[in-house]
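Data first, discussion second: the structure below is written as structure tokens.
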Amino acid sequence: MIAMLELLAKNWAWVLVRGIFTIVFGVLAVFWPGITLIALVILFGAYAVVDGITAIAMGMRRSTGRGFLIFMGVLGVVAGLIALIWPGISALALLYVIAFWAIVTGIGSIVNGFGLTGDAGGRWLFLLSGIAAVVLGILLLVKPGEGAIALVVTIGFFAIVWGLLTVITSVRLRRLSKEV
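Okay, so the sequence shown: first residue is 0 according to numbering that gives the first Met the number 0, each after it adds one.
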């Protein structure tokens with residue numbers, strides 16, 4: 000565990016780069032809510048390629064356990080290139096994956112809610128969250144255009160928060176690198 004912390008501390012700048020690119024991706028998605036899903040997929044493709052290259056670079060610097068990080072980096076680069084080469088197919092596929100995922104997990108929550116005994120409050124929370132997920136999935140299937148815009152904004156906010164946390168982490172790692 001200490002070796003991983005030392006590695007991250009030595010590579011704090013790469014962590015910072017990942018955080019900055021994540022924030023830029025999020026800001027573009029949030030402040031251009033009218034952006035099409037195709038444009039989001041292209042932005043995601045560029046982000047995934049840069050993030051994948053960064054992960055590969057970090058993995059190459061490791062002396063042990065580098066295979067997983069390099070594998071994840073290659074996977075990111077491949078996913079990004081697919082999104083850049085076939086944005087229309089990638090966009091529609093992504094939307095349908097999210098829609099079906101929401102429906103399946105929603106049904107799972109509903110089933111768990113009915114199976115929960117002894118906690119009436121928990122039961123209702125499972126049921127309500129399950130119904131919300133199923134409704135989301137159905138809306139995405141029925142109204143993919145509006146669903147795409149909502150997904151763009153949601154993903155954008157998530158990316159901004161994730162990017163900020165990554166930048167904060169890089170600052171802490173920089174301080175730690177001076178101690179190591």
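The C-beta atom is built at its ideal place from N, Cα and C for all residues, glycine as well. Everything numeric in this text was worked out from a predicted model, so none of it was measured.
The criterion of a C-beta distance shorter than 8 angstroms is not satisfied by G51 and G25. Distance from the Cα of G146 is smallest, within the candidate group G66, L94, F70 and V23, for L94. Considering only A54, G136, V14 and F70, the residue with the shortest C-alpha distance to V96 is G136.
In this structure, T21 lies near A158, with their beta-carbon atoms less than 8 angstroms apart. With a 10 Å radius around the Cβ and a threshold of 16 neighbouring Cβ atoms, F125 comes out buried. Shown here for I102: same chain residues with a beta carbon closer than 6 angstroms to its own, the five before and five after excluded, namely V133 and G136 in chain order.
Its Cα nearest to that of A90, the residue L42 stands out among R17, E178 and L42.
Under the three-state reduction of DSSP, G18 is assigned to helix. Judged by DSSP in its simplified three-state form, W13 adopts helix. Boundaries of the alpha helix (DSSP H) around W161: P143 to E178. By the Cβ criterion, the stretch 158-177 is not in contact with the stretch 107-123, since fewer than three pairs of Cβ atoms, one from each stretch, lie closer than 8 angstroms. Using a Cβ distance threshold of 8 angstroms, W13 and M59 do not count as a contacting pair. Judged by DSSP secondary structure, L80 falls within the alpha helix (DSSP H) whose first and last residues are R65 to I84.
Approximately 7 angstroms separates the beta-carbon atoms of G162 and I19; this is inside 8 angstroms, confirming the contact.
Relative to A82, the option among V16, I37 and L27 whose CA is nearest is I37. Around the beta carbon of S62, fewer than 16 other beta carbons sit within 10 angstroms, so the residue counts as exposed.
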